[in-house]
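Visitor: Each residue of the sequence shown is one higher than the last, beginning at 118 in our numbering. Structure incoming, see below.
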Amino acid sequence: MSSGHRYEAVGDGNIGVEAEVISPVRDTSSVNDESIGYETSIPIHPKILAPLSYMVPLVAGLIVILLERRNTYVRLHAWQAVIFSLVVGVFSMLLFWVPFVPTLIHIASFFVTGVCMYRAWRDAETLTFFKLGVVGDFAERQVLGSTVLPF
């Protein structure tokens, strides 16, 4: 997928580790150097669009995945948000019979989502992708590698 970004690893992908940097490819024909690497299909800056993917579980991420085609950083966060919300939903459904466990799962996911939103907002200037372990790896494969799902 050609998105105008170079992708290089800077971490080991563990939870809480800044995992990847998506460096914009410089286009010399561009007049405004401040906009390099921040082009999106949706007319919203990635600093707003990436955290927005986490706002409404599953729905906002899917909307961003379907509409955003140009910015790798935003797509990575959207995929991570969708996959994380699916994992949380599956675990809470599987453990619904254990008292308080689904509630604890949703409280924990609320805080993890908050951290992801903050990191997506904070790291938008450097285009550093904050990965959630296996969820982040799967999101990477969806955007940069072999696509498993039809999006």
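The beta carbon of each residue, even a glycine, is placed where N, CA and C say it ideally should be.
1) Within a Cβ cutoff of 6 Å, which residues of the same chain sit near Asn-188, ignoring the five residues on either side of it in sequence?
2) If we count the other Cβ atoms within 10 Å of its Cβ and call it buried at 16 or more, is Thr-245 buried or exposed?
3) In whole angstroms, give me the CA-to-CA distance for His-223 and Val-207.
4) Are there three or more Cβ pairs, one per stretch, closer than 8 Å when the region 253-262 is compared with the region 212-219?
5) Could you have a look at Thr-145 and say whether DSSP puts it in helix, strand or coil?
6) Is it the case that the Cβ atoms of Phe-247 and Ile-200 are separated by a distance below 8 Å?
7) What does a CB cutoff of less than 8 Å around Val-173 pick up in its chain, not counting 5 residues either side in sequence?
Guide: Taking the structure as given:
1) The answer, listed in chain order, is Thr-157, Pro-163.
2) buried
3) If you take the alpha carbons of His-223 and Val-207, they lie about 11 Å apart.
4) no
5) Interpretation of Thr-145 is limited by its pLDDT of 42, a score under 50 that renders its predicted location unreliable; the figure taken from the coordinates is listed afterwards. Coil.
6) Contact flag unset, no.
7) none
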